[in-house]
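Peer 1:
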Amino acid sequence: MTDATPETPDGRPGEVFAAFLKLGLTSFGGPIAHLGYFREAFVTRRGWLSDSAYADLVALCQFLPGPASSQVGFAIGLMRAGPWGAVAAFAAFTLPSALLLIAFAAGAAALDGPVGQGAISGLKIVAVAIVAQAVLGMAKSLCPDRERAGIAVLAVALLAALPGPLAMVGAILAGGLAGLALGRGAPSELDGRLPVPITPRVGAICLAAFLALLLVLPLLAGFGAGVALFDSFYRAGALVFGGGHVVLPLLEAEMVRGGQVSADAFLAGYGAAQAVPGPLFTFAAYLGAVASGLGGALVALLAIFLPGFLLLLGALPFWDAFRRRARAQSLLQGANAAVVGILGAALYDPVFTAGVGDMADFALALACFVLLVAWKMPSWAVVLVGAAGGVGLALV
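Residues -2 to 393, numbered by our numbering, are exactly what the sequence shown covers, in order.
#1: To the nearest angstrom, report how far apart P80 and I195 are at their CA atoms.
#2: Using CA coordinates, which residue listed in A16, F90 and Q59 is at the minimum distance from R42?
#3: Nearest-angstrom Cα distance between C365 and A65?
#4: So, L392 versus G115, is the Cβ gap smaller than 9 angstroms?
#5: Taking the alpha carbon of L308 as the reference point, which residue from L32, Y283, P62 and E37 has its own alpha carbon closest?
#6: Could you tell me which of A103, P28, G44 and L98 sits nearest to D69, measuring between CA atoms?
#7: Between which two residues does the alpha helix (DSSP H) containing R198 stretch?
#8: Considering only the beta carbon of each residue, do H31 and L20 sit closer than 9 angstroms?
#9: Going by DSSP in three states, D142 sits in which element: helix, strand or coil?
#10: Would E251 be called buried (16 or more neighbouring beta carbons within 10 Å of its own) or exposed?
#11: Under the rule that 16 or more other beta-carbon atoms within 10 Å means buried, what is D188, buried or exposed?
#12: Can you tell me whether W316 is buried or exposed? The criterion is at least 16 other CB atoms within 10 Å of its CB, across all chains shown.
#13: Excluding the five sequence neighbours on either side, which residues of its own chain have a C-beta within less than 8 angstroms of the C-beta of S24, listed in chain order?
#14: Are any of the Cβ atoms in chain C nearer than 9 angstroms to that of S259?
#15: Kindly indicate which three-state DSSP category V370 falls into: helix, strand or coil?
#16: In angstroms with no decimal places, state the Cα-to-Cα distance between G331 and K137.
#17: Roughly how many whole angstroms lie between the Cα atoms of G167 and V379?
#18: Along the alpha helix (DSSP H) that carries R324, what are the first and last residues, could you check?
#19: Do you know whose CA, among A288, P304 and A222, lies nearest L212's CA?
#20: Check G82 in the structure and name its three-state DSSP category.
#21: Mapping DSSP to helix, strand and coil, what is G70?
#22: Tell me where the alpha helix (DSSP H) around R232 begins and ends.
#23: Would you grab the beta carbon distance between F394 and F87 for me? Rounded to a whole angstrom, and I think it's under 8 angstroms.
#24: Roughly how many angstroms separate the alpha carbons of Y283 and L208, rounded to a whole number?
#25: Rounded to the nearest angstrom, what separates G389 and Q257 at their Cα positions?
#26: Does the distance from the C-beta atom of L277 to that of V348 stay below 9 angstroms?
#27: Under the three-state reduction of DSSP, which class applies to S259: helix, strand or coil?
#28: In chain order, what residues of the same chain have a beta carbon less than 8 angstroms from the beta carbon of G8, not counting five sequence neighbours either side?
#29: Quick one: residues in its chain with C-beta nearer than 6 angstroms to the C-beta of G219, no 5 flanking neighbours on either side, listed in chain order?
#30: Less than 9 angstroms separating the beta-carbons of G292 and A152?
Next comes the structure, spelled out in structure tokens:
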């Protein structure tokens, strides 16, 4: 392997932090909306990237496991101001929602009585509508034909037979292999190249670090609660294909079935995460705070983002060549179809089974779903409607 001369960034971390802090405070709507905000802010308004370079970067981050919008933001910061620019972009975009969710975790225990419990119940019901909308949208885009719809159904069947995080990994691998067999992919037609400020050698080191942590952390989990918590969130972040909502079943398997967080607290926090701006992965900060306080929130937040960033740094120097291969596109198509099945299974258990207890709960969940899908109401507003509805049902 020979090192190419990396691009030299010409920006400052301070300007990156200021630009991303505004987005971290105002970017509602999930990862697809975030990508739209980024394009307007950094391609159209500031001119930090060309349209072709931005499209190339988005394609890479959608291909890799991890939080796509946060990976795009991290890469924009890296290209603009080097490693400190990447850190600045991550911190500014992530901290506002993380701090809000940590505050919610600290105050959730005080929500007692019919009003507080009704609000918690409403948040759990809202989660049903949010995940159902995600499944519907992802199915339309990632399972547009009968073959990929079949892969999604087979993924659900596999999870029904063998529940747990290992089955999720198996379903994704099986979906990727099925995609290769179908061979529907085509080479990328994107032109241009990314202005990558790192060398292939650094990329290879990051890929090695990603794999080493994935293999070694489970062996070290017995050395303390902090290491075990880091392992749980690192593994979840390493296996997420298809966007933030897909982390739900992985975190539920690690935290709820692992006994660190109750199912009610899990779903209440997931509902609250829909009402804050920024990346959905900051839900990890809430879970870490519930499990182990402020220190747990910090550990969880860093651990869930780290694998996606290591993979991004590892892939950036090699992406231009790899993305043009048809077999790579076929693999991704099959894996993404399996992801739809995994999220569909999570919609039933734990989201629906824990959130909907009777017909009144179901009516509220259905109303929230219609507000999201038919009325196009923003998710944070639907969260407020669901919480108010939960309080109303508790007082009736």
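By construction, the Cβ of each residue, glycine as well, lies at the ideal position given by its N, Cα and C atoms.
Peer 2: Per the coordinate set shown:
#1: Here the question's residue 80 lines up with position 83 in the sequence shown. Here the question's residue 195 lines up with position 198 in the sequence shown. One C-alpha to the other measures close to 9 angstroms.
#2: Here residue 42 is taken as the residue at index 45 of the sequence shown, counted from 1. R42 has its Cα closest to that of A16, out of A16, F90 and Q59.
#3: Residue mapping note: residue 365 aligns to position 368 of the sequence shown, counting from 1. Residue mapping note: residue 65 aligns to position 68 of the sequence shown, counting from 1. The straight-line gap from Cα to Cα measures roughly 26 angstroms.
#4: Locating residue 392 in the sequence shown gives position 395, counting from the first residue. Locating residue 115 in the sequence shown gives position 118, counting from the first residue. Yes, the pair counts as a contact, with Cβ atoms nearer than the cut-off.
#5: Indexing the sequence shown from 1 puts residue 308 at position 311. Of the candidates L32, Y283, P62 and E37, P62 places its Cα closest to the Cα of L308.
#6: Taking the sequence shown and counting its residues from 1, one reaches residue 69 at position 72. Checking the displayed sequence, the identity of residue 69 turns out to be Val instead of Asp. Selected option, being the one with the closest Cα: P28.
#7: Translated into positions along the sequence shown, residue 198 becomes position 201. P197 to L217 is the extent of the alpha helix (DSSP H) around R198.
#8: Position 34 of the sequence shown holds residue 31. Position 23 of the sequence shown holds residue 20. Yes, these two residues count as a Cβ contact at 9 angstroms.
#9: Position 145 of the sequence shown, counted from the start, is the residue given in the question as residue 142. Coil, per DSSP.
#10: By 1-based counting over the sequence shown, the position of residue 251 is 254. With 16 or more other Cβ atoms within 10 Å, it is buried.
#11: Taking the first residue of the sequence shown as position 1, residue 188 is located at position 191. Since pLDDT at D188 reaches only 49, below the 50 mark, its modelled position is unreliable, and the value read off the structure follows with that caveat. Counting Cβ neighbours within 10 Å, D188 comes out exposed, since fewer than 16 surround it.
#12: As a first step, residue 316 must be located in the sequence shown, where it is residue number 319. Buried: at least 16 other Cβ atoms inside 10 Å.
#13: Locating residue 24 in the sequence shown gives position 27, counting from the first residue. Within the same chain, S24 has close Cβ partners A30, H31, Y34, F90, P274 and G275.
#14: Among the protein chains of the structure shown there is no chain C, as only one such chain exists.
#15: Here the question's residue 370 lines up with position 373 in the sequence shown. V370 falls in the helix class under three-state DSSP.
#16: Residue numbering aside, residue 331 sits at position 334 when the sequence shown is read from its first letter. Residue numbering aside, residue 137 sits at position 140 when the sequence shown is read from its first letter. C-alpha separation (whole angstroms): 14 angstroms.
#17: By one-based count along the sequence shown, residue 167 stands at place 170. By one-based count along the sequence shown, residue 379 stands at place 382. Between the alpha carbons of G167 and V379 lies a gap of roughly 34 angstroms.
#18: Looking up residue 324 in the sequence shown gives position 327. From DSSP, the alpha helix (DSSP H) with R324 extends over A323 to A343.
#19: Locating residue 212 in the sequence shown gives position 215, where the first residue counts as 1. When only C-alpha atoms are compared, the closest one is P304.
#20: Looking up residue 82 in the sequence shown gives position 85. Looking at G82 - three-state DSSP - the assignment turns out to be helix.
#21: Within the sequence shown, residue 70 is the residue found at index 73, counting from 1. DSSP places G70 within a helical segment (H, G or I) once states are collapsed to three.
#22: For the purposes of this step, residue 232 is taken as residue 235 along the sequence shown, with counting starting at 1. Unbroken alpha helix (DSSP H) run through R232: A222 to A235.
#23: Residue 394 cannot be examined here, being either before or after the span of the chain that is shown, -2 to 393.
#24: By 1-based counting over the sequence shown, the position of residue 283 is 286. By 1-based counting over the sequence shown, the position of residue 208 is 211. One C-alpha to the other measures close to 26 angstroms.
#25: By one-based count along the sequence shown, residue 389 stands at place 392. By one-based count along the sequence shown, residue 257 stands at place 260. Answer to the nearest angstrom: the Cα atoms are 30 angstroms apart.
#26: Here the question's residue 277 lines up with position 280 in the sequence shown. Here the question's residue 348 lines up with position 351 in the sequence shown. Not a contact, by the Cβ cut-off of 9 angstroms.
#27: Counting from one through the sequence shown, the residue named residue 259 turns up at place 262. If DSSP states are grouped into helix, strand and coil, S259 belongs with coil.
#28: Taking the first residue of the sequence shown as position 1, residue 8 is located at position 11. Short of 8 angstroms from the beta carbon of G8, and not among the five residues preceding or following it, lie these beta carbons of its own chain, in chain order: W45, R77, A78 and G82.
#29: Position 222 of the sequence shown, counting from 1, holds the residue named residue 219. Cβ neighbours of G219 beyond the five flanking positions: none.
#30: Residue mapping note: residue 292 aligns to position 295 of the sequence shown, counting from 1. Residue mapping note: residue 152 aligns to position 155 of the sequence shown, counting from 1. No. Outside cutoff.
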